[in-house]
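*Asks:*
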Ligand code: NDP
């Protein structure tokens, strides 16, 4: 039986960072992964999704090229098969990088399914990636649960006929007609990707606006952009059943208002749940609530030797926060002088085309505790003028009227995630609107608008 100072279950963004920082600080570390080295982000999430966004945007750039003098044909079709193959090659390369990074850090790698036997013992057995591995027992002073999350399907008749984002990344061909259920991150992003690749997309969601939880003005603006992309939106609508109408090749979706739609594929983008199945949490006595492990941002569970980071504890559910949690935990355990992050000013992006980028408070959140000055600007990006491409940028600052501190920054428009990442420094540093105004504009750029908005669009009193 192997003995470790720290053993991590799950080699995704959070687990890998935790293992690596612990090993760098002198701990003897092991890590187990059953499916994908690099986890969801690298294999079934951020990375392949962003490559798909680039693929969809490339089509739009080719469409716009004649307006800039280029003699090119309008793209007529998208070769899904060759794109998926290229994407898979890139991901295989990244898998290799993750493995060698862990090995170079002196960490022992185990491919297989890990399950807890008690608070300090676990067993690793065969998994999809390693069906032949012998069962091994491992003891560790500290165990970190970093198994992430997995997509959930609506509990409606025929839900097994739908796919989730997991399957979408490996479909043999691109569906021509597709229904997407859910208008959170994944629903909105895949609506943009598939429409950009030429699919006819219907987006079903139960709210009046997409992206519940985001700033209302951002949501309204995004809804208009989704329309401009030719995506048919069905707000206030919930699918009640799916029926197979084509021997597995076509699906009928029936909604709560009794209307039915026939499509090649239904994608359920209806949230994710913590990946805790067969993890042996009961054997080790780890407390759960609503399907996820109960742990704070410091990773502490009710069992002193067991910690949980990332999506398994269902708080932020983003790659950078899982990385930060893993990093902080490793340093808390093996180098207490370590780094901290400001989770209150967490920047977020939704990679629609144009993307959404936000940091800090929405107007609705801020108005609960602050009297506000709201600055907004809407304009057509210069790049869209010659091709006459429709769709405006929205930029918005939420400012405390008394302290002048910028509480939130929001943008829908090209490069919003890049711009908001930089503005997140200002919001984290609690800079004032005056300090933004003192910053000289960089012209001509889109980002300059964030330092040139002089007059509030409206004042909002706290409610
Ligand atoms: P989200 O929680 O973002 O959205 C879920 C969607 O499903 C919402 O529209 C929700 O509606 C709807 N829904 C949930 N239950 C039901 C139901 N019973 N009936 C009808 N509709 C329902 O989840 P996603 O699957 O989009 O993404 C999962 C997580 O992955 C995100 O929370 C995010 O943390 C992460 N992610 C991050 C990305 C990024 O950073 N760019 C990209 C992709 C994923 P309602 O709003 O009414 O609840």
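In full-length UniProt numbering, the protein residues as written are 1 to 463. A virtual CB, placed ideally from N, CA and C, is assigned to each residue, including glycine. Note that this is a predicted model, so its numbers are computed, not measured.
#1: Going along the chain, which unbroken runs of the beta strand (DSSP E) with 3 or more residues stay wholly within the stretch 231-259?
#2: Taking the alpha carbon of residue 351 as the reference point, which residue from 287, 19, 50 and 295 has its own alpha carbon closest?
#3: If I'm right that residue 203 touches residue 186 with Cβ under 8 Å, what's the distance once you round it to whole angstroms?
#4: By the 10 Å Cβ neighbour count, where 16 or more other Cβ atoms means buried, how is residue 464 classified, buried or exposed?
#5: Would residue 474 be called buried (16 or more neighbouring beta carbons within 10 Å of its own) or exposed?
#6: Report yes or no: do the stretch 52-65 and the stretch 24-33 share at least 3 C-beta pairs separated by less than 8 Å?
#7: I'd like the span of the alpha helix (DSSP H) that includes residue 52, first residue to last.
#8: I want to check one thing, is the minimum distance from the CB of residue 348 to the heavy atoms of the ligand NDP below 7 Å?
#9: In chain order, which beta strand (DSSP E) runs of at least 3 residues are fully inside the stretch 318-382?
#10: Please list the terminal residues of the continuous alpha helix (DSSP H) segment that includes residue 227.
#11: Is it buried or exposed for residue 74, if we count other Cβ within 10 angstroms and need 16 for buried?
#12: How is the beta strand (DSSP E) around residue 187 delimited, first residue to last?
#13: If you run the structure through DSSP and keep just helix, strand and coil, what is residue 397?
#14: Would you please state the rounded distance, in angstroms, between the beta carbons of residue 413 and residue 342? I believe it to be under 8 Å.
#15: Assign residue 40 to one of three DSSP states: helix, strand, or coil.
#16: Measure the alpha-carbon distance for residue 449 versus residue 411 and round it to whole angstroms.
#17: Give the single residue among 7, 266, 248 and 92 whose Cα lies nearest to the Cα of residue 138.
#18: Taking 7 Å as the cut-off, does the CB of residue 424 come closer than this to any heavy atom belonging to the ligand NDP?
#19: Taking 7 Å as the cut-off, is the beta-carbon of residue 269 closer than that to any non-hydrogen atom of the ligand NDP?
#20: For residue 37, count neighbouring C-beta atoms within 10 Å of its own C-beta (all shown protein chains included) and say buried if the count is 16 or more, exposed if not.
#21: Can you tell me which of the three DSSP states residue 307 falls into?
#22: In angstroms with no decimal places, state the Cα-to-Cα distance between residue 387 and residue 198.
#23: Residues in its own chain within less than 8 Å of residue 132 by CB, not counting five upstream and five downstream?
#24: Would you mind sorting residue 43 into buried or exposed? The rule is 16 or more other CB atoms within 10 Å of its CB.
#25: Using DSSP with H/G/I as helix, E/B as strand and the rest coil, what is residue 77?
#26: Inspect the beta-carbon positions of residue 16 and residue 116 and report whether they are closer than 8 Å.
#27: Does the distance between the C-beta of residue 272 and the nearest non-hydrogen atom of the ligand NDP fall short of 7 Å?
#28: Roughly how many angstroms lie between the CA atoms of residue 441 and residue 395, to the nearest whole one?
#29: Using C-beta distances below 6 Å, list every residue in its chain close to residue 447, excluding the 5 sequence neighbours before and after it, in chain order.
#30: Mapping DSSP to helix, strand and coil, what is residue 150?
#31: Which residue from 3, 215 and 10 puts its Cα closest to that of residue 492?
#32: Does residue 455 pass the burial test, meaning 16 or more other C-beta atoms within 10 Å, or should it be called exposed?
#33: For the stretch 158-176 against the stretch 275-283, do three or more pairs of beta-carbon atoms, one drawn from each stretch, fall closer than 8 Å, so that the two count as touching?
#34: Which runs of the beta strand (DSSP E) fall wholly inside the stretch 80-162 and span at least 3 residues, in chain order?
#35: Look at residue 243 and residue 158 and say whether their C-beta atoms are less than 8 Å apart.
#36: Do residue 297 and residue 312 have their C-beta atoms closer together than 8 Å?
*Replies:* This is what the structure holds:
#1: 232-234, 239-244 and 251-255
#2: 50
#3: So it is not a contact: roughly 11 Å between Cβ atoms.
#4: Residue coverage of the chain in this structure runs from 1 to 463, which leaves residue 464 outside it and unanswerable.
#5: Residue 474 lies beyond the stretch modelled for the chain, which goes from 1 to 463, so this question has no answer here.
#6: no
#7: 46-64
#8: yes
#9: 348-350, 356-360 and 372-379
#10: 216-228
#11: exposed
#12: First-last for residue 187: 185-196, but that is the alpha helix (DSSP H), not the beta strand (DSSP E).
#13: strand
#14: So it is not a contact: roughly 25 Å between Cβ atoms.
#15: helix
#16: 11 Å
#17: 7
#18: no
#19: yes
#20: buried
#21: strand
#22: 19 Å
#23: 126
#24: buried
#25: coil
#26: no
#27: yes
#28: 15 Å
#29: 419
#30: strand
#31: Past the boundaries of the shown model lies residue 492; the chain is included only from 1 to 463, so the question cannot be answered.
#32: exposed
#33: no
#34: 108-111, 113-116, 121-125, 136-145 and 149-151
#35: yes
#36: no
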